[in-house]
Each structure stands twice: as C-alpha cells, then as structure tokens.
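Undergrad: Right, I'll just put the structure down here and ask away after.
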Amino acid sequence: MTNIDIEARRLLPLPPAVLHILITLGEGAKHGYAVMQEVADRTGGEVRMSPGTLYGSIRKMLEDGLIEESFHRGGDDERRRYYRLTRFGRAVAAAEAERLAALLHHARLNGLVPRRS
Amino acid sequence: MRRGPHLFRLVLRLFPAPFRDRFGDDMEAAYRQARADAAGLGRRDLLQFWAGVAFDALLRAPGEHMRMTVHDLRYAARALRHAPTYTLVAIATLALGIGANTAIFSIVHAVALQPLPSRDPSRLVRIWEKNDSLRIPQFSASIPNYLSWRERARSFDSIGGWRQNSATLTTGGDPQRLTRLEATASVFPLLGIQPLAGRPFTAGEDRPGAARVALLAESVWRTRFGARADVVGSSVALDGVPHTVIGLVRDREMVVRFDVIVPLAADAARESRSNHVFTAIGRLRDGVTLRQAQQEMDAISVQLGRDYPADDQGWGVTMATFYDWIVPAQVRNSLYVLLACVGLVLLIACTNLANLMLARTAVNRREQAVRLALGASRARVVRETLTESVLVAVAGGGAGVLLAAWTIPVFRAQLTAVLPRADGIALSTPVLLFAGAVSVLTGVLFGALPAYFNSRRAIVDALKDGGRTGAAQHGRARHALVVAELALATIVLAAAALLLESFVRLQKVDLGFQPARLTTAMLGLPPARYPDHAAGWGFYSRTLQALAASPGVEAAALSSGAPLGGGNTSLGMRAVGASALGTQELQADWRMVSADYFRTMGIPLLRGRPFDDGDREGGQTAIILSQDMARRFWPNDDPIGRSITSGNGKLTMTVVGVAGDVRNLNQAIDPRPTLYISTSQFLFPVMTFVVRTQGDQPIAGVIRKTVDAVDPQLAVFNVRTFDTLLETNVAQPRVTAWLFGMFAVLALALAAIGVYGVLACLVAQRTREIGVRLALGAPPSTVRRLVVAHSLRLSVTGIAIGAAAALAVGPALQSQLFAITPRDPLTLAGVCAGLLGLALMASYVPSRRATRVDPLAALRAE
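Protein sequences, first through last, are from chains A and B.
For the first sequence, the positions run 10 to 126 when this note's numbering is used.
For the second sequence, the positions run 5 to 866 when this note's numbering is used.
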C-alpha cells in the first residue's frame, strides 16, 4: 500500500455528497451545475444537491486536495469554474468504492442483499 | 420572475463573504440554470424549490461561518505565538481592565440590579410620614396613624409593617440580645414570605392578649439552637416572657435584618400618635399607580390633621417603591459612577492596545499588501484582524474573571455592613455574561482601528514610496490615541483625587467629642422585672458606680443613643415665651444622658451646670441644650432658666446648661440641634454605656462582668470602641476612595506606557532625520528638545481635553464628596500638573535614545 493509499484511507468514510462528486468528476472536468445535473440523473432524481451543499463540499474537497480547479473552459459559459479529480482524489474515490464493495459483499453473504446470479 | 435572482442573492448573503467571493458567481449560475429547468413547474413545486434552496442555505451557512472562525482563530493563535511579548502585555492589561470591570459589576448587580426577593416587588411600597414645616422628609409612622390608614385607604391590597426593638433571649445558652421585629400578620403575605418551617402567625394571634408566639430567623436557629428540628413548637423566653416558636424564616426574605419576629398586637388606646416608631409597607392594588396612592394618602393625612390636630397637624405621607427604599438613589448613583470610572480605565487599556496593535500592523504591512494585491478581500482581512483582537480580549477576559473571583469575596466581606444587599455579591451567571460581553466588545474596540488600516487598498500604493505615507498615517492615528488616553486618564485621576481629598477631610472633621479610648455597650431592661423608672435607674446607677470604680476606667456614663451608634430619636420642640422662632417648632434630636456623660465624652459644657442629684424623677425636668439649639431659640439672650415644651405640649422642660455641638449621626452630617435630658428623670428601653479607659486596653469583659454582677440575667450587646464606630461610618467612602485610587494608578500606568510607546515609535521613525541633524552638528540637547516638545504637545492637548471633560462631568460626583466641590481648582490643577510630569518622565528614555543615534548608521540605512 502506497503513502497515498494510507492518506486516502484517513478520509474514509466519505460523506455521500463527496462520493457522488468524485464519481461524476471521474469522467472528466465539469463545472458545478453539470455535477448537480449528473448526480440527479444518475440517481434517478433521488439525490438532488442544492448549490449550498455542492459548493460547501467542493470547498472542502479543494482544501483536502481531492479536486482542483481546471483551466478547461466549456462552450456554454466561459466564466464558470471547472473542477477535476487529482491523483489523490482518485485514490480516495477508489478506497471508498472498495470499502463499500466489501460491505456489499458481507451483506450478500449474510443474506441481506440478494446474491447476483 | 426577475425577483428570483434577487432573492437568491439575498439567500447567498447568509454565507460568509469570502465564501461568496469565491463561489458566489458559480452558485448563482447554478441557481439560474436550475430555475430555468424548473420553469414549467406549478406553484406548489416552485415553492418547494425555494424552500429547498433556503433550507439548504440555512443548513450550510452556519457551518461555513464556524469553519471560517475556527480557521481565523488558528491563524490568530499562530500569529500571537510569534509575538509573545505583545501577547503577554495585552493579556495582562486586559486581565486587569476586564477583571476590575467584572468585580465592580458584581457589586452593581448584587446591590442595584438584582430583583428583590419579595413577591412581585414592583407593587410594594414603603410608606413614611413627613413634615415639611419641620423639614423632615421621611419619618417612621406612628402605630395609630398606621391603623387609621388601614381603615381609610383604598389604594392598597394590603398594608402592614413592623416596629423594631430588641429583646434578651435566655433560652438555649447565655443571655443574648436579639433584634426583634413586632410585625403585623399581614407582613407575610405582603412580602410573599414562606417560612422555612412551621407557619406565620395569623390575624387572631396579632391581637392584644393573644397567645405569645414567635418566628426565629434561620441564622439564629442554626447558631443558637444548632439547627434542631424540634425548635418549632418549643418555648423560648424573650425578656423573661415565654413565647412558642411557630416557625423559622430565612434571613434574606425580610427586607431588614432581624433575629426574631413576634406579633405587633397593637393596642390603639395605648399607643401615641406622636410616637413615630413604625415601618409601614403596602402592596398597591392592581391598576393603582404610586401617584394615585400618594394622592389618596395626602387626602387622608389632611383628614387626620383635622381629627387629631395636636399630633397630626402638619404631618403628611410620602411613599417610594421598595426598590427606591432599599437601594436609595444615592447608593445607586455612587455605584454607577464607580462602574463608569472602571469603564474609562478599560477604555484607556483599549487605546493602549490599539496603539500596540497598530505598531504590529506597521511591521506586517508588506505581508498584508501582498495578500490584498493577490485578491484577498477587505472583509477577510478585517475579519482576521478582529479575530486576533477578540482572541486576545477573551484570553484577557478569562484571566480577568479569575482575578475577579479572587477579589469578589474581599468586596463582599468589606461591603456587607456598608451597602444594602452586598451579602449577595458573587460571580453569578449575569456577572459572567457581562465579563464575556465586555471581553468581546473590548476585542472589537481595540481591533477596529488596526483592522481598518490593515485592509485599506492604499496599503499597496503606500509601499511603493517605501511605506512612508502609510507610516505617517499610522503615526497620526497613534498620536490621536495617546491624546485620547491622556484625556481619559485626566478624568479618572481627577475623580480619584477629589474622592481621596474628601475622605481625608471626613476623617479630620471635628466630631464635637473626644473619641479616643471610648467604648460603648448597649443594654435593654426587660419591662417585666424593671417595670418603672425607679427600678431601671436603680440598676443603671449601681452599674455606673461599679464601672467608674473599675480598674483602668477613667469615666463611665449612660446615654439613650451614643453618637455614630446608628438610629436617632427626635421630637418637635417649641420655646415657652419669647424666642427667635416664636411659636414655630424646631425638630431637635434628644438624648437621655447621665450626669457624667459630658465629662466622659469630652463634650465641653459651655454654660450653666451638668445634671446633678437635684434632678429627680417627678421634679422639674432639667435639660441641657446644644449650642446650636440654644442659639436658634435665643441668639442674643442667656438660655439658662428658659423653658422648652415638646411639640404636643405634654412636657415642659427647663434649660440648666448649654453644651458643645456634636455630630451625632455621622461624620459627614453637620451637628443638629440636640436636647439632653437626665437619666435620673427619664430612661429609654435600650440604653448605651459609654466608658473611657485610661489606656488602650479592651474593656468589654469588664463591662460584661460588672453588668453580670448586678443582674446576671441581662445581656450586654453591640460592644464597640469608637474607633470601630468611626471606621464603620467611613467604610463606604474609604472603599470608594480606595477603589478610585487603584483605578487612578492603573490609568496612570497605562497612560505612561502609551506616551512612552508613541515617543519610542517617533524616535524610530525619525532616526534618519535625527542622524542628519546630529551629523550636521546639532547639539544633542536639540534632539532631546524635539522629543520632549512632541511629548508636551500630546500631553497638553490630552490633559486639556480631559480637564474640560472633568469639569463637565464633575457634578455627578457631588453626592460622594464631603467639604469639597467637584470643580475644586486646586485639585484639578494638581492632577494636570502630575500627569504632565508623568508624560515628561515617560519621554526621558526615548529622548535619551534619540541623542544616542549614530549619524553614520542612520545615514547608511538610507
């Protein structure tokens, strides 16, 4: 296990909003509203982030080094800030995904979740 | 539709400014897009959308504020750790300032602000009698008058009161003199008193001939009876008469000090309308104002004056709320003046700290300029600066609370006998909240100016010219602060000097008698065993003879009230025959004294003779007048042989002597007209022995033994030397003068530090100029004069402003001063000269440093 992985595990478990943002930015740099839209679409409208929640999370993730501001500018609005994952952010997302996968595996073993056929 | 973005911007304002600066545009863009997507929603869904936006902001914004505050606190703590000297000096200064304010506020809160313990105290009133023509603004009531008010007045739900005297308790130990209140049954519901145990007495028990019952004070129950549960229901003997204890009352619930309460059982036929001994209280009926009640009582007084002209003509009624009675305006004002003074000291400390902080920001200017140039918002910089100052202030406040916790028990012990309700002085929750609020306010106050300077965009431009412009502006601000500091210090010092001078004059005042080596002791004779004057005088004369013959005793005498002993007896008197006052009454204090009283007290007998064996009970009533009283009646004639009658004409007395004037009540009150009657003709229920010893040895034991030898069932009480009495009387002015003196010393020290700091800074800033002058051959004295002249300019300006302010606010101190006016020119001149001298002393080191500037080094630094 590398140092990055050790540091990443220190941030677990992640708040749900942070994990959703990390997953969304896994595809590439996006601006805030795009993240909000994709999270809503991916969860079928179950998770709708308000601007306060989104940007509060972004502020924390910037401080923790999970994401950074990207200088990519999309065509829809030149003035918007775009964010992308850092290497550390990827490691944290991966660690959280592993943790959740391990939980799911044990839940399946105990019959709480149907096993995959 | 257009309201939407405007509303969202309002919601955004919930977030901290730096957060808004960073993410506000993006959040607004995200909102616009979300709002556009929701364009087709119905009204209900739109409301839901807005509720979601607002709820999200309300949920998130406090967290952002908290996070920012924690960050700023960490940043401030780090900055303070790198400036340990500044931090320690600041915290120590604030600890003194905030600690002093907290301690003084604890006194103000306990005495003036705490609600009274009685039920709904705003409706309770104290009722006095008054007589404008005799210049008596407030006097106790007579019991018959109280009974008449109870019968005739409609403004009160209930009216009652008590008569205070003393009684000897002989149950449960050695005879002990107790303060007894003979109270009406209505007092308990009036004051909302719930006995700690047992019950109050009923109206049926408050009648002549009813069974004798008593309620003990909790303190007596604990100290005398060891808190025994079986005391209630037991019998105790008061003045030899058995009383059944029916209950216990908490000491604080009665508004006056007491040891035992018994029913008044008033018999109107046996009480005199001219005998003013009753403390009357009432509870106003709902909807009746004090003014309306006063009007009704005025009308009743007129009726009583008509019905009983000999006793009540000219007598009226005056009332005040309980609060105004228990905490008189004079006491409140003196406390508020004290609080204002200690507030000024804190303000001086703030000014000093602002100066210190400005000096630090001058050093950190480059760092701030870089931050502002790189886009840090002004609000952010202001927030950081204020966080640092508030952190220092809260740390200083915490240390100040510890200091206050240490001093508060001292204040309580010193002031309990001096101020009403001072036994409640404590570090209570309101006092702690006050300390917290003052700490935060102090931090904001002294951080405000440095925050302003730190955040100005001009700081960036100022650095382009080597920082000279910024430094000059800083310098002007610091000079203004020092001028303000000196002005405030002048006000505090002027107040302290006046109070100190007043206290000194009070101590030197001529009392009219010789207080050295004098001891007093009080005694009351139980009526059951001493039913008449002959029995009482038999006891007293034997005891006096034995006392006078005791070893170590120079002289012994008796009085119905020794000077400074507290309490007073007075009566309206009228001359018989021609006098300067004609038929007009003169309110005069009266005392019953033994023949040796004047010799024992050292009161000069100016004319006539002292009392002697010829003045017997039943014979012509001989009196000795004070010089003032004799002059008022007969300014140009010999008063010896003249006659005076009491106001109701019942007693005619003949003047046999004139004695010197005596300050009977306390040192601050001028001697009042006084009339002395011989104890061989009249006695008072409680008398005071006055004994002058040959040396300074304590005499209490001898007095007790002598009384015991004559009657072992009697208890002597309130045994005090006159030194103690004098000290008690000046306790409040002493404490006030001492406190103001301490604040003055603090103010002086802070002002000296402030002047020194600013001059040191001046020398540092003008090092190059000084170097050039010295290099060009200017003598060191020129440089020294430069610094001293600067100091003088600041000091004279500050002191002049302070002196003007002291003259303006001086009258607020009038009620605290004795024999000196608040605008006393000598005192003020002394204070100004003293401060000027201090400022010059504070400039000594900086001026010497200026003369030692190395011209070459100064020029090379360019």
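Where a beta carbon is used, it is the ideal one built from N, C-alpha and C, also for glycine.
#1: Look at Gly761 (chain B) and Asn359 (chain B) and say whether their C-beta atoms are less than 8 Å apart.
#2: Using three-state DSSP, classify Met5 (chain B) as helix, strand or coil.
#3: When you compare each of B:Leu568, B:Ser162 and B:Arg384 to His75 (chain B) by their alpha carbons, which one comes out closest?
#4: Taking Cβ to Cβ, would you say Arg667 (chain B) is nearer than 8 Å to Leu515 (chain B)?
#5: How many angstroms separate the CA atom of Asp727 (chain B) from the CA atom of Ile95 (chain B)?
#6: Mind listing the chain B neighbours of Ser59 (chain A)? Cutoff is C-beta to C-beta under 7 Å, in chain order.
#7: Kindly indicate if chain A contains any beta-carbon less than 8 Å away from that of Met5 (chain B).
#8: Does any residue of chain B bring its CB to less than 8 Å from the CB of Thr62 (chain A)?
#9: What separation, rounded to the nearest whole angstrom, lies between the Cα atoms of Leu527 (chain B) and Val292 (chain B)?
#10: May I ask you to verify whether the segment 557-567 of chain B touches the segment 687-698 of chain B, counting CB pairs closer than 8 Å and requiring at least 3?
#11: On a Cα-Cα basis, can you pick out the residue from B:Ala116, B:Leu811 and B:Asp178 that is closest to Leu830 (chain B)?
#12: Kindly give me the distance between the Cβ atoms of Val264 (chain B) and Asn105 (chain B), rounded to whole angstroms, as I take these residues to be in contact under 8 Å.
#13: Using a beta-carbon distance below 8 Å, is Asp76 (chain B) in contact with chain A?
#14: Assuming the contact rule is C-beta atoms closer than 8 Å, His247 (chain B) and Val224 (chain B) should be a hit. Round their C-beta distance to whole Å, please.
#15: Just checking: is the beta-carbon of Arg51 (chain A) within a distance shorter than 8 Å of some beta-carbon in chain B?
#16: Just to confirm before moving on: does the CB-CB distance between Pro889 (chain B) and Ala584 (chain B) stay below 8 Å?
#17: Can you list, in chain order, the residues of the segment 67-79 of chain A whose Cβ is nearer than 8 Å to any Cβ on chain B?
#18: What are the start and end residues of the alpha helix (DSSP H) that includes Leu839 (chain B)?
#19: Spatial neighbours of Pro193 (chain B) within its chain, please: CB distance less than 7 Å, with the 5 preceding and 5 following residues excluded, ordered by chain position.
#20: Count the other CB atoms, across all protein chains shown, that sit within 10 Å of the CB of Ile673 (chain B); report buried if there are 16 or more and exposed otherwise.
#21: Please state the DSSP three-state secondary structure of Asn149 (chain B).
#22: How many Å lie between Arg611 (chain B) and Gly645 (chain B) at the Cα?
#23: Check whether the segment 485-497 of chain B and the segment 743-761 of chain B are in contact - that is, three or more C-beta pairs closer than 8 Å.
#24: If you run the structure through DSSP and keep just helix, strand and coil, what is Val776 (chain B)?
#25: Can you tell me whether Val795 (chain B) is buried or exposed, with buried defined as 16 or more other CB within 10 angstroms of its CB?
#26: For chain B, is any of its Cβ atoms less than 8 Å away from the one on Gly65 (chain A)?
#27: Assuming Thr604 (chain B) and Arg696 (chain B) make a contact with CB atoms under 8 Å, what is their CB distance in whole Å?
#28: Going by DSSP, what residue range makes up the beta strand (DSSP E) through Ala218 (chain B)?
#29: State buried or exposed for Thr11 (chain A), treating a residue as buried only when at least 16 other CB atoms are found within 10 Å of its CB.
#30: Which partner residues of Lys654 (chain B) appear in the DSSP bridge assignment?
#31: DSSP three-state label for Leu134 (chain A), please.
#32: Do you know offhand how far Leu395 (chain B)'s Cα is from Gly447 (chain B)'s?
#33: The alpha helix (DSSP H) that contains Gly103 (chain B), what's its start and end?
#34: For His86 (chain B), count neighbouring C-beta atoms within 10 Å of its own C-beta (all shown protein chains included) and say buried if the count is 16 or more, exposed if not.
#35: Once you ignore the five residues that flank Glu558 (chain B) on each side, which residues in its own chain have a CB closer than 7 Å to its CB?
#36: Between the segment 107-125 of chain B and the segment 420-433 of chain B, can you find at least three pairs of beta-carbon atoms closer than 8 Å?
TA: The answer reads as follows:
#1: Along the second sequence, one-based indexing puts residue 761 (chain B) at 757. Along the second sequence, one-based indexing puts residue 359 (chain B) at 355. Closer than 8 Å, so yes.
#2: Indexing the second sequence from 1 puts residue 5 (chain B) at position 1. Residue placement at Met5 (chain B) is poorly supported in this model, since its pLDDT is 48, which falls under 50; the coordinates are not used for a value here.
#3: By 1-based counting over the second sequence, the position of residue 75 (chain B) is 71. Closest by alpha carbon: B:Arg384.
#4: Against the second sequence, residue 667 (chain B) aligns to sequence position 663. Against the second sequence, residue 515 (chain B) aligns to sequence position 511. Yes. Within cutoff.
#5: If you number the second sequence from 1, residue 727 (chain B) lands on position 723. If you number the second sequence from 1, residue 95 (chain B) lands on position 91. In a straight line, the C-alpha of Asp727 (chain B) is about 42 Å away from that of Ile95 (chain B).
#6: For this step, residue 59 (chain A) is matched to residue 50 along the first sequence. Near Ser59 (chain A) (Cβ distances below 7 Å), the residues of chain B are Gly56, Val57 and Asp60.
#7: The sequence position of residue 5 (chain B) within the second sequence is 1, counting from 1. The predicted model places Met5 (chain B) with a pLDDT of 48, which falls under 50 and marks its position as unreliable, so this point remains unresolved.
#8: For the purposes of this step, residue 62 (chain A) is taken as the residue at position 53 of the first sequence. Output row for Thr62 (chain A): interface = yes.
#9: For the purposes of this step, residue 527 (chain B) is taken as residue 523 along the second sequence, with counting starting at 1. For the purposes of this step, residue 292 (chain B) is taken as residue 288 along the second sequence, with counting starting at 1. Using only the alpha carbons, I get a separation of about 44 Å.
#10: yes
#11: Position 826 of the second sequence, counted from the first residue, corresponds to residue 830 (chain B). Nearest C-alpha to Leu830 (chain B): B:Leu811.
#12: Walking along the second sequence from the start, residue 264 (chain B) turns up at place 260. Walking along the second sequence from the start, residue 105 (chain B) turns up at place 101. Going by Cβ atoms, the distance from Val264 (chain B) to Asn105 (chain B) rounds to 41 Å, so no, they are not a contact pair.
#13: Here residue 76 (chain B) refers to the residue found at position 72 when the second sequence is read from its first residue. Asp76 (chain B) does not count as touching chain A.
#14: Mapped onto the second sequence, residue 247 (chain B) falls at position 243. Mapped onto the second sequence, residue 224 (chain B) falls at position 220. About 13 Å; that fails the 8 Å criterion.
#15: What you label residue 51 (chain A) is simply residue 42 of the first sequence in a count that begins at 1. Taking Cβ atoms only, chain B never reaches closer than 8 Å to Arg51 (chain A), which makes this a no.
#16: Any property of residue 889 (chain B) remains undetermined from this structure, which presents chain B solely from 5 to 866.
#17: Ile67 and Arg68
#18: One-based indexing of the second sequence puts residue 839 (chain B) at position 835. Segment Pro829 to Ala846, the alpha helix (DSSP H) holding Leu839 (chain B).
#19: To locate residue 193 (chain B), count along the second sequence from 1; it is residue 189. Contacts found: Ser162.
#20: As a first step, residue 673 (chain B) must be located in the second sequence, where it is residue number 669. Flag for Ile673 (chain B) reads exposed.
#21: Reading the second sequence from its first residue, position 145 is the one you call residue 149 (chain B). Three-state DSSP puts Asn149 (chain B) in a helix.
#22: The residue you call residue 611 (chain B) lines up with position 607 of the second sequence. The residue you call residue 645 (chain B) lines up with position 641 of the second sequence. Between Arg611 (chain B) and Gly645 (chain B), the C-alpha separation is close to 11 Å.
#23: yes
#24: Start at 1 with the first residue of the second sequence, and residue 776 (chain B) comes out as number 772. Reduced to three states, the DSSP call for Val776 (chain B) is helix.
#25: Walking along the second sequence from the start, residue 795 (chain B) turns up at place 791. A quick correction: the sequence has Ser, not Val, at residue 795 (chain B). Classification of Ser795 (chain B): buried, given that the 10 Å Cβ count is 16 or more.
#26: The residue given as residue 65 (chain A) occupies position 56 in the first sequence. Interface residue, yes.
#27: Start at 1 with the first residue of the second sequence, and residue 604 (chain B) comes out as number 600. Start at 1 with the first residue of the second sequence, and residue 696 (chain B) comes out as number 692. Confirmed, Cβ separation roughly 5 Å.
#28: The residue given as residue 218 (chain B) occupies position 214 in the second sequence. Looking at the DSSP string, the run of the beta strand (DSSP E) that includes Ala218 (chain B) is Val217 to Ala221.
#29: Reading the first sequence from its first residue, position 2 is the one you call residue 11 (chain A). So Thr11 (chain A) counts as exposed.
#30: Reading the second sequence from its first residue, position 650 is the one you call residue 654 (chain B). Paired residue(s): none; Lys654 (chain B) is not in a bridge.
#31: Missing from the structure shown is residue 134 (chain A); chain A here goes from 10 to 126 and no further.
#32: Indexing the second sequence from 1 puts residue 395 (chain B) at position 391. Indexing the second sequence from 1 puts residue 447 (chain B) at position 443. Distance between the alpha carbons of Leu395 (chain B) and Gly447 (chain B): 7 Å.
#33: Indexing the second sequence from 1 puts residue 103 (chain B) at position 99. Segment Pro88 to Val112, the alpha helix (DSSP H) holding Gly103 (chain B).
#34: For the purposes of this step, residue 86 (chain B) is identified with residue 82 of the second sequence, where counting begins at 1. His86 (chain B) is exposed by the Cβ-count criterion.
#35: The residue you call residue 558 (chain B) lines up with position 554 of the second sequence. Cβ within range, chain order: Arg696, Thr697 and Gln698.
#36: yes
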